[in-house]
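Down below is the structure, laid out as structure tokens.
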Amino acid sequence: MDTNNLPDKIVWSTCNVNCGSRCPVRLHVKNGIVVRVETDHTKEDALGTQQIRACLRGRGLR
């Protein structure tokens with residue numbers, strides 16, 4: 004079975020850059036290997052409720 008055509012498994016984690024904020028990140032995992040890291044984008048920003056997004060250092064994790 005060709006596993007390259009299967010969709011990535013999405014795993015939630017937190018950024019481990021030593022800034023103390025622990026931003027949420029979405030990890031795309033294929034065959035047990037993280038292939039892409041993206042920040043949380045599940046809801047829109049609103050007045051009084053800012054969405055916590057990982058910075059460039061956090062998005063660059065592998």
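Under the numbering used here, the letters of the sequence shown match residues 4 to 65, in that order. Where a beta carbon is used, it is the ideal one built from N, C-alpha and C, also for glycine.
- For the pair Arg62 and Val40, the CB atoms are nearer than the 8 Å cut-off.
- Counted as a single uninterrupted DSSP element, the alpha helix (DSSP H) harbouring Arg62 occupies residues Leu59 to Arg62.
- Going by DSSP, Val38 is part of the beta strand (DSSP E) stretching over Ile36 to Thr42.
- The alpha-carbon separation between Pro10 and Gly35 amounts to approximately 13 Å.
- Taking each of Val32, Lys33, Arg60 and Pro27 in turn and checking the Cα distance to Gln54, the smallest one comes out for Pro27.
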